[in-house]
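See structure below.
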DNA sequence: CTCCAACGTTTATACGTATAAGCACTTGAT
DNA sequence: ATCAAGTGCTTATACGTATAAACGTTGGAG
């Protein structure tokens with residue numbers, strides 16, 4: 198109705214559009230906007246290009262760039278959001294910031310259904326430059342697939358170091374060991390450790406229990422779901438150890454509440470140690486003794502390592518292990 | 198040293214490689230692997246292509262595909278991991294699954310430094326097909342930029358409906374209102390609400406307080422950092438309301454612990470209501486009355502909506518509001 | 001025997017970018 | 001004046017994919 202130019206498809210402006218607007222070639226636009234040090238462009242032209250890009254609202258097309266350069270600059274983190282604890286999340290956010298500063302982009306890629314090699318294929322499709330993933334999800338075949346599809350740095354993350362790739366580790370046995378040693382020093386005769394029945398955390402629970410066993414080989418394994426009924430039953434069953442590592446602070450609270458209801462005193466009858474050192478730990482009565490986690494791996498240093506591997510300046514040995522958190526006991530009143 | 202074929206660059210196989218291996222053209226490979234219904238390929242050839250792709254470990258190049266088709270199939274979620282609560286995270290994971298089923302890919306894009314239009318540019322570079330982002334981060338200019346760069350469905354998420362785009366909302370005033378109404382019905386004369394001083398959640402705190410004010414216009418605003426010292430001071434200051442909405446369960450525990458230390462009884466002297474209904478709520482003594490959140494927005498339905506908007510089958514009115522969670526009071530002993 | 005339609009496949013092209021290579025022109029040294 | 005060495009740009013190309021269009025065969029109808 199109005200004009201002829203109206204019906205022009207309004208698609209996002211490309212570097213060609215910017216070039217046309219600035220009266221230069223597309224190559225010049227690319228040189229200027231990427232500050233390519235090998236290119237020689239006069240300051241006057243640079244200004245014209247930048248102005249045109251700004252005016253048109255030019256945004257480079259990440260896919261096109263990735264296709265051309267061969268890598269996407271993406272660091273993939275295929276973890277479900279809900280599973281990781283708050284501490285780990287804050288650490289991961291810090292990692293994301295550090296990666297940003299180094300020119301990478303951390304992508305939490307929240308996909309869970311695909312298993313084994315199919316999952317690896319899915320990750321590889323994005324041509325990430327690096328990937329940080331649960332050690333258990335990595336097989337020899339999937340690592341090979343990733344590497345051959347251009348992923349330079351594959352990291353595992355989990356309780357155990359991976360034999361396949363460098364890995365970031367939190368050894369849960371140490372956690373149990375730390376708690377158990379304190380309980381023994383405190384004078385406890387029989388130890389026990391709660392192992393949660395909830396899927397997802399049961400593995401960590403079992404590892405922490407094994408750590409307790411390293412100190413007290415005859416420690417009791419107390420399998421428990423997070424429910425008041427089960428806790429009551431456990432306490433009513435009698436024959437309870439006089440020192441219990443309760444897996445974490447929430448389970449500790451569950452246990453202590455059941456003990457109180459049964460008329461038992463903490464720590465006199467049963468000493469209890471939690472883990473995570475949540476803000477509520479020092480609010481409980483008795484105040485909860487808990488395993489605190491100090492982040493040890495500096496995200497910035499980790500990014501440096503990653504960057505070196507990506508650039509090929511360093512070949513990471515498969516056995517490289519980065520400790521994520523150092524467990525430390527905070528002694529209060531419950532044990 | 199050994200052979201001549203050794204030094205061939207081992208780059209990820211492309212559809213051309215698959216074509217060569219199967220003795221067909223690259224186009225045929227594309228037709229087969231994408232099950233393109235407009236193409237006619239004999240079953241025998243299909244089989245050959247699939248076999249070759251499998252054997253070579255072919256993985257399609259997402260960037261190349263995105264460049265060709267014009268969209269990446271990505272749904273961007275630029276949220277820091279640490280900020281959202283566990284409930285929200287589980288919901289978001291469910292959303293991710295639903296999106297997967299519909300052929301999209303949810304990407305938690307954890308970048309925080311960029312502000313305003315610069316952030317929008319950063320998002321747009323990935324050419325996402327849709328984006329779900331804090332309502333406060335969206336300006337008129339950034340929405341325009343996103344849309345003009347090909348993002349079909351822009352959603353806001355937050356406490357308030359966005360005037361610019363359809364939004365997913367959890368109205369925190371309702372939360373405060375719900376708690377306050379219960380306290381009043383219970384017989385409390387003077388109400389108060391804790392507003393956390395921690396950055397990031399202070400806004401939600403203020404909104405919940407406003408909700409309390411809708412029921413009790415003269416309600417006291419109790420600004421509080423999460424520290425036992427501050428809580429003690431607050432209680433020692435005297436002149437405390439006889440009914441307090443404590444923002445959430447953790448703050449409730451902080452407050453109750455301070456009240457106990459000061460010799461005050463809950464709920465007789467001061468009634469306390471929490472929120473989030475954490476597992477520990479029913480373990481506290483007295484058992485904590487808390488606002489529970491029921492997820493109301495079905496992720497599958499939301500994905501359907503998103504898909505329709507993306508396909509252009511439906512134009513979402515800017516005012517469209519999707520309620521995320523319905524608050525509901527769980528009455529126990531603390532109020 | 002011819003012509004047409006259906007079938008199965010190939011050829012050609014474009015998406016937006018980065019960069020190697022080339023080209024015209026200027027400058028200073030010889 | 002001549003050449004070498006810059007300087008400031010442009011031209012050309014490739015990355016890997018999806019798909020429109022073209023193409024050669026085959027079978028059957030006329």
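Residue numbers (our numbering), protein chains in the order written: chain D, 198 to 532; chain U, 198 to 532.
Cβ coordinates follow ideal geometry from the N, Cα and C atoms, glycine included.
Practice item. With 7 Å as the threshold, decide whether the Cβ of residue 477 (chain D) is near any Cβ in chain U. Key: Under the Cβ distance rule, residue 477 (chain D) counts among the residues neighbouring chain U, one pair being separated by less than 7 Å.
Check your understanding: Going by DSSP, what residues sit across from residue 277 (chain U) in a beta bridge?
Key -> None, per the DSSP bridge assignment.
Point to revise | Where residue 436 (chain U) falls: helix, strand or coil (DSSP) | key: Of the three classes helix, strand and coil, the one that applies to residue 436 (chain U) here is coil, per DSSP.
Point to revise | Spatial neighbours of residue 273 (chain U) in its chain, beta-carbon cut-off 6 Å, leaving aside the 5 residues before and after | key: Contacts found: 304, 306, 320, 325, 328.
Check your understanding: The beta strand (DSSP E) with residue 474 (chain D) in it runs from where to where?
Key -> Segment: none, residue 474 (chain D) is in no beta strand (DSSP E) and carries neither H nor E.
Point to revise | alpha helix (DSSP H) runs contained entirely in the segment 211 to 243 of chain U, provided each spans 4 or more residues | key: Taken in chain order, the complete alpha helix (DSSP H) segments of 4 residues or longer contained in the segment 211 to 243 of chain U are 212 to 219, 223 to 230.
Exercise for review: In the DSSP assignment, find the unbroken alpha helix (DSSP H) run with residue 456 (chain U) in it and report its ends.
Suggested key: Its alpha helix (DSSP H) spans residues 446 to 458.
Point to revise | Those residues which DSSP pairs with residue 421 (chain D) across a bridge | key: Paired residues: D:393.
Check your understanding: DSSP on residue 513 (chain U), reduced to helix/strand/coil?
Key -> For residue 513 (chain U), the secondary structure class from DSSP, reduced to helix, strand or coil, is coil.
Review point. Could you give the residue range of the beta strand (DSSP E) that holds residue 353 (chain D)?
Key: Start and end: 350 to 355.
Exercise for review: Inspect the beta-carbon positions of residue 432 (chain D) and residue 532 (chain D) and report whether they are closer than 7 Å.
Suggested key: The beta carbons of residue 432 (chain D) and residue 532 (chain D) sit no closer together than 7 Å.
Review point. Residue ranges of each beta strand (DSSP E) run of no fewer than 3 residues wholly in the segment 473 to 509 of chain D, ordered along the chain?
Key: Segments of the beta strand (DSSP E) lying fully in the segment 473 to 509 of chain D: 486 to 492.
Practice item. Give the residues of chain U in contact with residue 310 (chain D), contact being defined as C-beta atoms less than 9 Å apart. Key: Within chain U, the C-beta atoms nearer than 9 Å to that of residue 310 (chain D) come from 294, 297, 298, in chain order.
Point to revise | First through last residue of the alpha helix (DSSP H) which encompasses residue 328 (chain D) | key: Premise fails: residue 328 (chain D) lies in the beta strand (DSSP E), 327 to 331, not in any alpha helix (DSSP H).
Point to revise | residue 383 (chain U) at chain D interface by Cβ criterion, 7 Å | key: Not flagged as an interface residue toward chain D: residue 383 (chain U), since no C-beta distance is shorter than 7 Å.
Check your understanding: So, is residue 403 (chain U) buried or exposed, given that buried needs 16 or more other C-beta atoms within 10 angstroms?
Key -> By the 10 Å Cβ count, residue 403 (chain U) comes out buried.
Point to revise | Under the three-state DSSP convention, the category residue 415 (chain U) falls into | key: Correct three-state label for residue 415 (chain U): coil.
Exercise for review: Give the DSSP bridge partners of residue 520 (chain U), in chain order.
Suggested key: DSSP lists U:366 as partners of residue 520 (chain U).
Review point. Which same chain residues, not among the five before or five after residue 496 (chain D), have their C-beta less than 6 Å away from its C-beta?
Key: The beta carbon of residue 496 (chain D) sits closer than 6 Å to the beta carbons of 291, 292, 295 from its chain, once the five residues preceding and following it are set aside; these are given in chain order.
Review point. Quick one: does residue 287 (chain D) have its CB under 7 Å from some CB of chain U?
Key: Chain U contact via Cβ: present.
**Study point:** Residues from the segment 438 to 450 of chain U in contact with chain D, defined by Cβ distance under 7 Å
**Key:** Listed in sequence order: 447, 450.
Review point. List, in order along the chain, the chain D residues whose C-beta lies closer than 7 Å to that of residue 260 (chain U)?
Key: Residues of chain D passing the Cβ test: 260, 263, 264, 269, 324.
**Study point:** chain D within 7 Å of residue 407 (chain U), Cβ atoms only
**Key:** Closer than 7 Å: no.
**Study point:** Contacting residues, own chain, Cβ-Cβ under 6 Å from residue 356 (chain U) (five flanking each side not counted)
**Key:** So the qualifying residues of the chain are 369, 404.
Exercise for review: Starting from the C-beta of residue 499 (chain D), find all residues in its chain whose C-beta is less than 8 Å away, skip the five residues before and the five after it, and write them out in chain order.
Suggested key: So the qualifying residues of the chain are 292, 295, 365, 519.
Point to revise | Outcome for residue 382 (chain D) when other beta-carbon atoms lying within 10 angstroms are tallied against a minimum of 16 | key: Label assigned to residue 382 (chain D): exposed.
Review point. Tell me which same chain residues have a C-beta within less than 8 Å of the C-beta of residue 337 (chain D), skipping the five on either side of it?
Key: Cβ within range, chain order: 361.
**Study point:** Under 7 Å from the C-beta of residue 283 (chain U): neighbouring residues of chain D
**Key:** Correct list: 279.
Practice item. Please confirm if the segment 233 to 247 of chain D is in contact with the segment 244 to 252 of chain U, defined as three or more CB-CB distances below 8 Å between the two stretches. Key: Result no; under three Cβ-Cβ pairs closer than 8 Å.
Point to revise | Given 8 Å, three or more beta-carbon pairs between the segment 411 to 421 of chain U and the segment 383 to 401 of chain U | key: Inter-segment contact for the segment 411 to 421 of chain U and the segment 383 to 401 of chain U is present: three or more beta-carbon pairs are separated by less than 8 Å.
Review point. From residue 376 (chain U) to residue 526 (chain U), what distance separates their C-alpha atoms?
Key: Taking the Cα positions, residue 376 (chain U) is about 7 Å away from residue 526 (chain U).
Point to revise | 8 Å CB neighbourhood of residue 198 (chain D) in its chain, flanking five on each side removed | key: Here the model assigns residue 198 (chain D) a pLDDT of 39, short of 50, so the residue's position is not dependable, and the following value carries that caveat. None.
Review point. Among D:465, D:423, D:422, which residue has its Cα nearest to the Cα of residue 438 (chain D)?
Key: Out of D:465, D:423, D:422, D:465 has the C-alpha closest to the C-alpha of residue 438 (chain D).
Review point. Which residues in the same chain as residue 200 (chain U) place their Cβ atom closer than 8 Å to its Cβ, once the five residues preceding and following it in sequence are excluded?
Key: Its pLDDT being 35, under 50, residue 200 (chain U) is placed unreliably in this model, and the value from its coordinates should be taken loosely. Nothing listed; no residue qualifies.
Review point. Looking at the structure shown, is residue 309 (chain U) part of a helix, part of a strand, or coil, going by DSSP?
Key: Three-state DSSP puts residue 309 (chain U) in coil, outside helix and strand.
Check your understanding: Quick one: is residue 303 (chain U) near chain D, going by C-beta distance under 7 Å?
Key -> Judged by the 7 Å Cβ criterion, residue 303 (chain U) is in contact with chain D.
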